[in-house]
Structures are given as structure tokens and as C-alpha cells.
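Reading through the C-alpha cells given below for one structure.
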Amino acid sequence: MTASCYSYYPGCSLQHRSHAYQQSTEAIARSLGFELAEIDDWNCCGATEYFSVNRLPAYALVARNLALAADQGAEEIVVPCSACFLNLHKTDKNMKLYPELGSKVNKALAAGNLHYEPGTVKVRHLLEMILTDIGVDRLKDRTRRPLYGLKLAPYYGCLVARPDSVFDSTEQPTAMDKMLEALGAQVVPFSLKTFCCGGHMTQISEETALDMIHRIIKCAADSGADALVTLCPMCQLNLDVYQEAANRYFETSYQVPVLFFTQVIGVALGLSPKELGFGQEFVDARVLLDKIQDVPPPRATPARRSKQALPMPAMPE
Amino acid sequence: MSDNGTFTPVIVGFLCNWCSYRAADLAGTSRMGYPATLRDIRIMCTGRMDPTFVLRALQKGADGVLIMGCHPGQCHYQEGNYKAIRRFALLRRTLRQLGIEDERVQLHWASAAEGVRFAETVARMTEQIKQLGPLDWPRNWPNEDPYAVEEAVHE
Amino acid sequence: MSEPRVGVYVCHCGHNIAGTVDVQHVAEWAMGLPNVVIARDNRFMCASTGQEQIEEDIKQFELTHVVVASCSPHMHEKTFRNACARAGLNPYLFEMANIREHASWVHPNDREGATNKAKALVSAAVHRVVHQQPLEPMKVDIRPETLVVGGGIAGIQAALEIADAGYHVYLVEREPSIGGHMAMFDKTFPTLDCAACILTPKMFDAGGHPNITLLTYSEVEKVDGYVGNFQVRVRKKARMVDESLCTGCGTCWEKCPIKVVDTVWEAGLGYRKAIYRPFPQAVPKYPVIDIENCTYFKTGKCRMCEKVCPTNAINYEMQDEIIDLEVGNIILATGYKLFDARRIPQYGYGRLENVFTSLEFERLTNASGPTEGKIVLRDGETMPQTVAIVHCVGSRDRNYNTHCSAICCMSSLKFAHLVMEKTGAKVYNFYIDMRPIHKGYEEFYHRIMEEGATFIRGKVSEITDVARSPEEEGKLIVVCEDTLLGRQRRVPVDMVILAAGLEPQADAQEIAHMFGVGCGDTGFFIERHPKLDPVATMTEGVFIAGACQGAKDIPDSVAQGAAAAARVLGTINQRQVTLEPIRASIDEERCSGCRICNNMCPYNAIDFIEEKGVSRVNPALCKGCGTCVAACPSQVITGAHFTFEQIMAEIDGIMIDVLSDRPVVEAV
Amino acid sequence: MTAPQHRNTFFDRVVAATPGGELLSRCLQCGSCGGSCPSGADMDHTPRALFAMISAGLEDEVLSSNTPWYCVSCYACTTRCPQNIPITDIMYTLKEMAIRAGRYDHPHAAKFSETFIGFVEQRGRSFEAGLATRYHLFHHPQQVIKLGIMGVGMLRRNRLPLRPKSIRQIDQLQAILAEAKALAAKEVEA
Ligand SMILES: Cc1cc2nc3c(=O)[nH]c(=O)nc-3n(C[C@H](O)[C@H](O)[C@H](O)COP(=O)(O)OP(=O)(O)OC[C@H]3O[C@@H](n4cnc5c(N)ncnc54)[C@H](O)[C@@H]3O)c2cc1C
Ligand SMILES: Cc1cc2nc3c(=O)[nH]c(=O)nc-3n(C[C@H](O)[C@H](O)[C@H](O)COP(=O)(O)OP(=O)(O)OC[C@H]3O[C@@H](n4cnc5c(N)ncnc54)[C@H](O)[C@@H]3O)c2cc1C
Ligand code: SF4
Ligand code: SF4
Ligand code: SF4
Ligand code: SF4
Ligand code: SF4
Ligand code: SF4
Ligand code: SF4
Ligand code: SF4
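As given, the protein sequences belong to chains A, B, C and D, one line each in that order. Numbering-wise (numbering that gives the first Met the number 0), the first sequence opens with residue 0 and increments by one. Numbering-wise (numbering that gives the first Met the number 0), the second sequence opens with residue 0 and increments by one. Numbering-wise (numbering that gives the first Met the number 0), the third sequence opens with residue 0 and increments by one. Numbering-wise (numbering that gives the first Met the number 0), the fourth sequence opens with residue 0 and increments by one.
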């Protein structure tokens, strides 16, 4: 496998519910010149459900994918869905950390003539892969349509930022922020970057879920964001599809489009909105395209602090 | 020592003066029981551990060797135990070549306050070696000279 | 040499050993061991009768070596060594077998196992002891001068005690003034007396004491030598101000055009100039030019301070000075560093304006601080109406520091008092456990409760500016579980104070290495014994005091400073110290000069003698760890009292019964 | 002397069933988890309170608490816990135990998981259209209408497949899962 061909685990969501993620991922892969080779005959990772019902089968279910990937010669797999990423990563990690668990999982795999040696396959999230292997500088170079004037709220969700954090911080990561800025967009200060989107709560206690969704949407809108940028199909689904329900429940009328980061990159690379799956979202994101300006907006001068104001602590870069 | 057919291993311990020897003392003063399989030798620091000592103990009939020192970062001589870790890795390679199982020669840490940890380590290691059975170096390698093996470790 | 003659004594310790180990049998059996001429059991070996028995036997049986099988050598090794010495036997020809802590007490239900083990341990000692050699304790002379590193309250106290006793002290301080953290505080718990009022006199005493040489703006670069005679190299950084001319009038810093955020003495909350005196009561009183920020040093232009100085004290050409000192003892009192609260992003420090650290608050409330003691928000004018104080920030948390910082419950109570007194604001303290443990501290806690502070038991989960209700708009919301209610709470406040913990100094590891002391798992310097020798270290002649040994408050820091001084004065008065002769030595004839041992020694005790092409151990530096002994490929380093032969003999002895007991095996 | 007796209390069982669960014994009861939980306000007990109940052996109350079912697996508690306790995984364990004991007052949460798993086990892939309808049809019929509106929206945007997909080697997967379940059952017996 060449360096720019990655073994790929799309996960169930990207097949349909979040088709736009799949489409835009494929589109930017073509444009940036890397290839994604789907693991043959992969199965569902069990989302957050399987682990809570039957732990061992859940590990076995996930491990089958790792075993397949290893058999197909993969040293690493790229995963766009945060839940899939977490499950695959956690299974690999825990099989290694708790050998007893590892051997039981392998006993189960043996029933399907498979075996997985923990540590063989490195599990990577798509965003982390793009940030590390392609890099912000290259994205900047390849930008054809800088996102001038677009105000974006970077939303990481919980599962990638935690617990096996792949970014700089589990609480206030900045990796995607830097990327969005490199693409020309303006990143608004947004405090709920890693606050949970509600996950499967929509199915279990809708009130609980709508409250969480509402908090994120409100915070983004209050920060002046034109859109939220996500990296997980579940987050996108909850914030987009349930936005209307949340509006109804809280008697608000937010219309904050929710994009995948791959769609945002795609726009900056100059790809067509259709190719990037625009139009599949509930809160129409196409309006954003009209907000992109040709020249960078003037830098907002920071509010002047009064003379007696005390200095703020310096933050490390 | 055979006792009604059940095998009681003999383990030689090398305990550093500052932490693990005192942990053993504490296990004593706190009356924590553990199997009477360990026979310990005091050294000032695990940094003093010469691989020859381990080989000699095995050659003289020990079924296992337990080396214990201060936790990494807490060595009373600053870093003797880090040196022990490195030497231990080399020793382990040699032992593996001889076919001696990893469980027979172990390196562990216990602070002077960890009497419980000390007792548990001895109990656990005793169980592990019981599973493996006697080593019987003198029968298996009657001509093996620890000095010669030691040379191999240094290479 | 004639055959060795060994005496063996097996102790009953009343019932302690004899209750489990068949001591009589062990003693009888020991008679059959090589070189043993007499073996006895005795009810209490450490009692005077037991000791006298050894002394008599040494004379009567002409014993050359003695073995006592009893308790831990950490208990009575000294006792029996002394008994041997009294009978004219070199104390290092004695060996102890630990059959109490390591046998009878840990195998109470296994008489056979315990007895067998006791036999093995006795045999090991008997085999070993005949290889032991007479050793003489080393004595070294002590120079009367002392080096104190760190001029916080602990270092100042130590320096004054020694100086007052009539001996000379060099006090080295890295910053331009002594005083340490205490100099930043307004009030100190639990009495709330003014920090400056109690500290300033001590600083002046230290500054003017005839027996103290103050070396501020200085750092130790190199330490050689050993107890009694250390050679220390100090770099005194160039102040660019001639101390012999400057009067401390202040004209220079008034006129200097460059304003810099002061991250040291103002904790980042205030400004100073490029030429500055840290604070009004600084000792010494002279300013210093911060060449990183001075425009003259950056661009070659300005020289304003030179122009205005009435005494021509400014000297831009000044160079760092290297000072070589010779001292007999060293006290490290390098203090602590405040935990960097930016490491906990969910607490918002650095992101949310009105989140302050504890040190920032100390400056805020200090009459000589940036707001002249007014407690206001970051805008510099608004008084807070509600204030949250968050305990355990970065402490008691495996993600940061596991230790409890010991002082922050109390400093948080102090803050609650000051806020309420000065602003009348409502104060919430968020704590996990209240730990006001010293004299007068619990009473202080009660007082603060009576004054009306609210206490919520729960570790704060996050501090956010995302409001969920109108009353939260524009506020900081402290989110936690009130664990006593079992319910989540969101408390909107105007100001948050983070009681950040105490950490080792950033360079603690390097300093530790330079002075031959260790750092424990929390990163603070390790004392020789956590209870019985808290100010000494494993390196003879190097002592520690104050918060560099672990988080502690001012009374404890002062007590340790004084204790370390007492230890130093003790050695000075003895003029000599005795060192254990457990040392390594190199057989120079056989050393191949490979130098492998040179880097092994954690105390840099091994030097390479270029002329001879061999290595040599400096016995005064060597601590006898044996690391080099095990490392030497030519096996020419001997670790006294732990020689290769001794340990090999011990192994053979300890295994004495094993091969013969296993019928399948042929004895080797 | 023998090693400490295996006590097999409720606490021990929770610990044994959770990778890294032994860390639970060092819970400080600090409440960092409870304060961090986004669905904490709707829970019967905060996670911290639940841990106190576990160590007090209140098995019935713990297994019938809604708390584990309201856990959204956000890991906020886990990454903030000062004692590095794998809280989220403990929540999984408690759900599993509650299902097994039939002791949960929040059946539809469990049923949602079970329906989801049913599809995965049948086809190796999840299937939202089927999942949503089947789950709601059986468990909250009153929601189906609301869901229908959303479903139509999803369909129109090509976001809901009508036909379930299946993996090729479904037999292999089923064999693996069967074996894993057998092993899990053995674990429970032990
Ligand atoms: C916010 C806050 C409030 C507090 N309030 C109180 C209170 O009210 N009452 C109380 O009892 N305690 C209080 N304390 C604790 C108190 O600060 C410490 O107990 C005390 O300062 C410890 O003194 P020290 O001399 O050991 O260390 P420090 O005060 O830290 O002094 C160490 C000195 O060594 C110098 N130094 C460091 N490294 C080197 C080096 N390599 N070479 C040369 N010099 C070096 C430093 O510059 C410093 O001057 C408080 C602490 C904090 C954080
Ligand atoms: C149950 C318990 C457990 C403890 N465990 C620990 C522990 O594990 N670790 C720890 O660090 N600390 C522990 N401590 C605390 C410890 O006991 C004290 O810190 C320590 O003993 C104090 O030593 P001291 O010499 O000051 O006082 P003491 O031990 O009280 O000694 C004072 C001595 O002075 C004598 N004396 C009194 N008055 C006179 C007089 N007028 N004339 C002549 N002699 C007099 C007394 O007879 C006594 O011998 C414990 C305390 C208790 C109560
Ligand atoms: S020498 Fe030790 S074992 Fe013997 S009586 Fe004294 S304390 Fe007890
Ligand atoms: S103006 Fe001159 S004399 Fe006055 S403080 Fe400055 S350097 Fe010293
Ligand atoms: S030369 Fe430097 S220190 Fe002096 S006044 Fe100018 S800027 Fe200030
Ligand atoms: S002293 Fe109090 S606030 Fe400070 S770490 Fe300890 S418990 Fe927490
Ligand atoms: S390791 Fe041994 S041979 Fe090499 S220099 Fe040191 S003493 Fe000499
Ligand atoms: S015995 Fe240890 S301290 Fe002494 S010279 Fe050797 S390495 Fe250094
Ligand atoms: S955060 Fe951790 S230590 Fe604190 S209460 Fe929760 S589980 Fe216990
Ligand atoms: S992982 Fe579960 S219990 Fe923990 S904070 Fe998130 S929702 Fe709450």
C-alpha cells in the first residue's frame, strides 16, 4: 500500500444517514490525492449500544473488523465516525491492556477462523489523519476558494476528543480551529466544543437530548456562528435533524446549518456543492455558500481595554 | 523440598536496603502472612544486581529469583533501579535462550511503606512457580557455569 | 591466616521468634556449619545479658566472626556491632540474620517452613561472614561555612540561625530580592497578621548580617566535593546597577519608558519597568535591568536610566560574575512553583477574564499590589458581588498532581475572609475535604463559617460562560455536584479564584541532580527518612528545608529551616563527621580504563585519571550503592561489605539444604 | 497463609466485569463526575452517588436506577475523574447487569439497545429505518407519527435506506458472536 492509500472503515452511518459525509470525504480524497480502500466485508461497530448490553460479544463484534483489516494487510485504518473510531480504538487498546479480555475475544474470533493481535492495526480518525498527514499548510496551499467572511463554530463532540484524545486537549481542542482558519474562515469563540450532542438520548429520553442539542445550537448562534462544523455522523444528525424539534420544544427558531468538516474543506478546495453532498441536511446549508466573500473581511480590532484593566494571563500558543 | 507430593518452590530474593527490605520488615511488623518460600539477601541497591547472582542462585537449585527495589524515581541512590531495569532486560534475554520461563525471574518494586505489596508479590510469584514446577537447573544444565552464561549476558 | 572461628546466636525474642521457629534446633543445627565453633540460643539477645554473652564468647572462644539471628538489622545491627567492638572485634566482622520480621512473624502458621527458612538465613550469614573484612569508619573535617540555596522564608530562617550561632553563610537567591512567595502576600493565615510586617524584619536582618553574604540574582552552576568540603560555583548575574553606588532612590525606574507585565512578583497581574526593584521592601534595595525587555539592550537606544541616575550607578557594561565558594554543608530551600491553572481548560483560566489564580488574588488584595488592595474584576474597577473559591486545583488529581497541596484549604479560607471583609460579596467555597489541620486552623475555619461563607462539597466540574437562564447571563457559572445534596448545581458568580496547588520548581530535577539528592514521585526532593530524618538527604552534608521538600505552610517551612540549621550546626561543632565505610574501590592495577563505570555513578564519585588511564573512586563522594560494582566488565571494582565473594557465598549458604533435599538431583 | 478470600460482593462483581474496574475502590466521592454529566439533571442518582451505593452493596437500588440508562457515553466524567476511574465503562457494566437481572425501570432504553443489536446480529450492519420503526412501534407507538415526519424528511434527502444491507460473511460473524455469548455466559456463572 502506498503512503497515500488508506485502509478505510466507513461505518454504517456513512452508508446512508450521513451520506454527505461519505460523498464529501471521497471528493476531497480525490482532490487531495489520497485513496481510501474500504475494508472488505466490514461489519457494524455496535455504536454505543452493544457494549452496554453484552460486553464480550461487543468486543468480538468490533474485533472482527480489526482482524479483517489486519488480514487484508492494513497497518492503520482511517475512520470518519467518532463512535466507530472510539469502539475500534478502545477494543484494540483494551485487548492489549487486559490480556484476559484479549484472549477471550480471540477465542470468539476463532469461531470464525479469525485472530487479532492487539496493536497490529493503528486506528485513526479521519480528521486527525488529514491534519497530520496532509497538514494545515498543504490544505492552505490547495485552497481555491478561501472561506472569507464565513463564521464557523468548530464542534468536536465527545468521542474523538475523549477519552483516547487524539487532539491537543480533551476539553478545548484547537486542532480543527487552526485548520478552519487556514481555509480562510473565521472561528468564533465557542465554549461547547466538546459538550455532548446527546448521542442516542434522542431515542431514550427525548427531553434530555433536546436540551443538550439546544444548548449547543444556542451557544453557536450566540457566538455569532453561521454554521457548526462537525466530524461525527451522530453529532451532525442530532444537531441538524433534531434542530427543528429542539426549536419547537424550547420555542426558539434557530437555523444553524451543521456541516461535516470534509464539506467545508471541499468548498475551500473549490469542489461543487453537489459533489460534497450539500442539500442533504435538514437546515439548509446552501445559504452559507452565498456568505463567502471574495476578500478577507477587515480584522476586527479587539475591544479596547480600559486603562486600569488588569492584564490577562498569557496563553501558550 | 517435597512435602506429600506437593511442590514447595524455593525463591531467592534480592532486596534493596532502603525500600523493599524495609517493605519486608513492615510485612513482618504488621504480621502479614505469606508463603515461606522466599529466602532473601540484602543488597544496598538493585543497581548492585549482578546477573551472575541470579544465575548462581538458579544453579544452586532455586526455582525462582525475585529482585525487588525502590519504585522508579524513588531510588535512594537516584537511579540505580533504572540501571537494574536495563540489566534485567539483558538477563531476561539470556534466560529465555536457556528456556527459563519469565515467571521464574522477576523484578518488582515496593516502597518501604508497601508491606502489603511485598507480601502479595511473594504470594503471587510462589503460585506462578508452583504452576511451572521445579526448575532443577543442576539436572537440566549440569555443565552450565554461571560465569560463562554471565559472559553471554555482557555481550 | 588462621581458620575463621564463628559464633552464632539465635534469639528467641521472648515468644516472638521462638513461638514459631524452633530456635533450639536452629542453634544445634548451626553447630554443624563450616567454621562455627559455638552456637547458642538466647531469650533476648539485645538485652545486656545477650550482648555480654557475645563479648564473653569472643574472648573465651577467640571468635573471629559473629552472627546473630534475630530481628531486622535496621533494628539492632548497631547494637551488636557495638558489642563486638567492645570485645575488640572489628564491628564489620559481624553479620545479622533476620529471622523475626522475615520469618517468624510472616509465617506464623508454618513452623516447619519458618524453621527451614531461619536455617537457610543463618547459613547464609555464616557463609558470608567469613568473607567479611575489617573496615574503619571514615572521618572527614567540616568547614564551618554553609551555603543556603533559596531565599524564601525557609532559607532566610536557616541562614539566620546559623549566622546567629556565629558561622558564615552564603545565601544564594535566583531573583533580584530575597523573600520568596511570602513577600507577595498581604495577610497570612491563620492569624491574619501582615506578611510584610513579619517578613521584612527578617529580610533586613539577613541582608545586614555580618555573617551572611547575600548573593541575589545568582544561581549555583556547579557543585563538587563532599560533606565538609564542597566547592560551589555561583554565577552572579549582571544587574547593570553598581550596588556600591546605587542608593535605591528610584529615579531610574520612574523614568524608564518600558512597561513589562511582571509575572514573578505580581503573578502576571501588574506591571513593572525594564529597570525595576521587585517590591518596595526588597532586600537588597537595588534595582536590576531586565535586559530581555530593555530597549537599550535590544536596539542600542535609550540609556534614560543612566541619564537620570544621580549617582551614576548604571553600568551597561557589567558582566556576570563567577564566584567560587568553599562550604562544609549545604541547605536547599528552593521552594515551590504554583500549578499552572491553564492546564485545566474546563476551569477557563486565561480564557475567561474573571477567573483568577490564588497568587493573582494575593496581589489583588495586597495594599502594595496593582489595585492597591482593592478586590475588583479584571476590568480593574468593578467590585464582585459573588465570588467562588475553587479548592484542589491541580492537586489530589491523577491527571495533574496526586498530592494534597496542604495549604490551599487554609489560603482559600483566608481569601473568603478577605473578600467578605473588603467587598461584602457572597462567597462560595467548593471543596472535596476541608483540611485545616494545624494549631488554630480549625478555629479559623469556624470563624469563616460564622462570617457567612457558604461551603459546597463537590469538586468543581467546570466553569463556563454559557448561560442557561437569565440570571446566569453575563456571569461565570460554576458547575458541580453538591455531593451532600446529590444534585448538580450551577452557581453563577462574578469572580472565580482557583486555589492552584503547589508543585516542585520547574528545575527541581536538575537542582536535585546537581546536589546529589533525589526527587520523589511527586517531584519534591526526597528526605532521608520521611518521619525520622525529614531535613537530611541521602547525600551527607546536603539538607532540605521548606516547600522544596513537599507542600507546606509558613510555620512548617520556618521549623524546617531551623531544623536544617541545627543539623548543620551539629556537624560544624563536631568538626568532623563519621561516614559508613561501605564504599566502592577500584583495583587500579587491573582496571582496563574502559570508563564504563564513570557515567554509572549517580554521585559522580568516579574520576578518570588521565595519566594512569584508570578510574578511581572518591571515597568521600561514594555512597556505596554498588551500581558501578555490577557494571564493571573487568570486575575490578570492589563494593566494601557487599563484595562479589560475600554475596556469592551468601547465595551458596542460603541454598545449603536445597540440593540435598531433592533426591532427583545430583549435588554439584 | 492464604491470599485474601474472594468476597464476591456486588462491588466485586461490578469491578470484575469492567476492564480497569478495580480503580473504583479509590473513588474520592468528589462529585467531579456528577457535575460533569450532561444528563445528570435527569438521572435518579448522580454517578458519584451510584458509586457510593455500589460500595454500600445496594444492588437492587443500583440496578433499578435510571442513571446508567441516561448515560450518553460522553466520557466527560471519565476524562475528568481525578482518580482515573473508567466511569463510562462502569455504566455499561451496570446496564448489562440490570438487563440480566431484569431489574431496570427503564425498559425502553434497554429495548432500544436490544433492537439495535438484533439488526446487527442479523445482518452485520445497523439499519436505521427498520430500527426506528420497529423500536417505536413496539415500545412507544405514540411516537411513530412524529417519527414518520422525520423519516420522510430523511428519505427525501436520501438519508434513510429502505432495504437493509447485509454483510457477505454473516455466518462467520454469527459464529463469532455465538461463541462470545457462550464465553460471556460462562463468565457470569463463574
Ligand atoms: C496563594 C498562596 C497563599 C499562601 N498563604 C499562606 C499563608 O497565609 N500562611 C502560610 O503559612 N502559608 C501560606 N502559603 C504557603 C507559603 O507560600 C509557603 O509555605 C512558603 O512560601 C514556603 O517557603 P519556602 O521558603 O520554602 O519557599 P518559597 O517561598 O517558594 O521560596 C523559595 C525561594 O527560593 C528561590 N529559588 C528557587 N530555586 C532557586 C535556585 N535554583 N537558586 C536560587 N534560588 C532559588 C526562589 O526564587 C524563592 O525566593 C501560601 C501559598 C500560596 C500559593
Ligand atoms: C493513636 C495514635 C496513632 C498515631 N500514629 C501516628 C503515626 O502513624 N505516624 C505519625 O507520624 N504520628 C502518629 N501519631 C502522632 C504521634 O504520636 C506524635 O506525633 C508523637 O508521638 C509526638 O511526639 P512527642 O515527642 O512530641 O510527644 P510524646 O510522644 O507525647 O512524648 C512526650 C514524652 O514526654 C514525657 N513527659 C510529659 N510530661 C513530662 C514532664 N513534666 N516531665 C518529664 N517528662 C514528661 C512523656 O512521658 C512522654 O514520654 C499517632 C498518635 C496517636 C494518638
Ligand atoms: S535482638 Fe531483636 S529479636 Fe532479639 S530480643 Fe532483641 S528485639 Fe527481639
Ligand atoms: S537612579 Fe541610580 S541610585 Fe537611584 S535607584 Fe536607580 S540606579 Fe540606584
Ligand atoms: S535603558 Fe533600558 S532600563 Fe534604562 S530606561 Fe531605557 S529601557 Fe529602561
Ligand atoms: S489543602 Fe485543601 S484545597 Fe489544597 S489540595 Fe489539600 S484538600 Fe485540596
Ligand atoms: S568499569 Fe571497571 S575497567 Fe572500566 S574504567 Fe571502571 S573500573 Fe576500570
Ligand atoms: S558504589 Fe555507587 S556511589 Fe559508589 S562509586 Fe560506585 S556507583 Fe558511585
Ligand atoms: S469523579 Fe471519580 S473520584 Fe470523583 S466521585 Fe466520580 S468516580 Fe469518584
Ligand atoms: S459518560 Fe455517561 S455518566 Fe459520564 S458524564 Fe457522560 S453521560 Fe454522564
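Yeah, the Cβ is synthetic: ideal placement off N, Cα and C, and Gly gets one too.
Around the Cβ of residue i, are there at least 16 other Cβ atoms within 10 angstroms (buried) or fewer (exposed)?
i, result
"residue 569 of chain C", "exposed"
"residue 133 of chain C", "exposed"
"residue 140 of chain C", "exposed"
"residue 196 of chain C", "exposed"
"residue 21 of chain A", "buried"
"residue 11 of chain C", "buried"
"residue 295 of chain A", "exposed"
"residue 5 of chain B", "exposed"
"residue 258 of chain C", "exposed"
Just to confirm the assignment, what range does the alpha helix (DSSP H) spanning residue i have?
i, result
"residue 197 of chain C", "194 to 207"
"residue 237 of chain A", "232 to 240"
"residue 29 of chain A", "18 to 31"
"residue 224 of chain C", "Where residue 224 of chain C is concerned, there is no enclosing alpha helix (DSSP H), although the beta strand (DSSP E) it sits in stretches over 217 to 225."
"residue 20 of chain B", "19 to 28"
"residue 6 of chain A", "First-last for residue 6 of chain A: 4 to 7, but that is the beta strand (DSSP E), not the alpha helix (DSSP H)."
"residue 272 of chain C", "Note, residue 272 of chain C: premise wrong, no alpha helix (DSSP H); beta strand (DSSP E) at 269 to 272."
Does ligand 9 have a heavy atom nearer than 8 Å to the CB of residue i?
i, result
"residue 345 of chain C", "no"
"residue 31 of chain D", "yes"
"residue 73 of chain D", "no"
"residue 84 of chain D", "yes"
Taking 8 Å as the cut-off, does the CB of residue i come closer than this to any heavy atom belonging to ligand 4?
i, result
"residue 417 of chain C", "no"
I need the boundaries of the beta strand (DSSP E) containing residue i, first residue and last residue.
i, result
"residue 638 of chain C", "636 to 638"
"residue 137 of chain C", "137 to 140"
"residue 15 of chain B", "10 to 15"
Would you say residue i touches ligand 5, meaning its beta carbon is less than 8 Å from a heavy atom?
i, result
"residue 671 of chain C", "Summary: the structure shown does not reach residue 671 of chain C, with chain C confined to residues 0 through 667, and so no result is reported for it."
"residue 303 of chain C", "yes"
"residue 251 of chain A", "no"
Going by the C-beta, is residue i closer than 8 Å to any heavy atom of ligand 6?
i, result
"residue 549 of chain C", "no"
"residue 546 of chain C", "no"
"residue 432 of chain C", "yes"
Comparing the CB of residue i with every heavy atom of ligand 1, is any distance shorter than 8 Å?
i, result
"residue 238 of chain C", "no"
Exercise for the section: Would you list, in sequence order, the uninterrupted beta strand (DSSP E) runs of no fewer than 3 residues that lie entirely inside the region 313 to 352 of chain C? Expected result: 320 to 326, 328 to 331, 335 to 337, all fully within the region 313 to 352 of chain C.
Handout entry: the region 389 to 400 of chain C / the region 536 to 546 of chain C touching (three or more Cβ pairs under 8 Å)
Key = Fewer than three Cβ pairs drawn from the region 389 to 400 of chain C and the region 536 to 546 of chain C lie within less than 8 Å of each other, which leaves the two stretches out of contact.
Problem - Completely contained alpha helix (DSSP H) runs for the region 61 to 107 of chain B, where each covers 4 or more residues - result: 79 to 96
Practice task
Any chance you could list the beta strand (DSSP E) runs of at least 3 consecutive residues sitting entirely within the region 50 to 131 of chain C, in chain order?
Solution key: Here the runs fully enclosed are 64 to 69, 93 to 97.
Practice task
Would you be able to state if there are at least three C-beta pairs under 8 Å between the region 269 to 288 of chain C and the region 319 to 332 of chain C?
Solution key: no
Exercise for the section: Tell me the start and end of each unbroken alpha helix (DSSP H) in the region 411 to 452 of chain C that is at least 4 residues and wholly inside, in chain order. Expected result: For the alpha helix (DSSP H) assignment, the uninterrupted runs of no fewer than 4 residues enclosed by the region 411 to 452 of chain C are, from N- to C-terminal side, 440 to 449.
Practice task
Answer yes if the region 224 to 239 of chain C comes into contact with the region 309 to 328 of chain C, meaning at least three C-beta pairs across the two stretches below 8 Å, and no otherwise.
Solution key: yes
Handout entry: Entirely enclosed alpha helix (DSSP H) segments - the region 530 to 582 of chain C, minimum 4 residues
Key = Runs of the alpha helix (DSSP H) lying entirely within the region 530 to 582 of chain C, each at least 4 residues long, are 553 to 573 in chain order.
Practice task
Run through the region 77 to 103 of chain A for me and flag every whole alpha helix (DSSP H) of 4 or more residues, listed as ranges in chain order.
Solution key: 81 to 96
Problem - Complete alpha helix (DSSP H) runs within the region 263 to 315 of chain A (minimum length 4 residues, chain order) - result: 285 to 290
Problem - Under 8 Å (Cβ pairs) to chain G, residues found in the region 34 to 49 of chain D - result: Here the protein chains are A, B, C and D, and chain G is not one of them.
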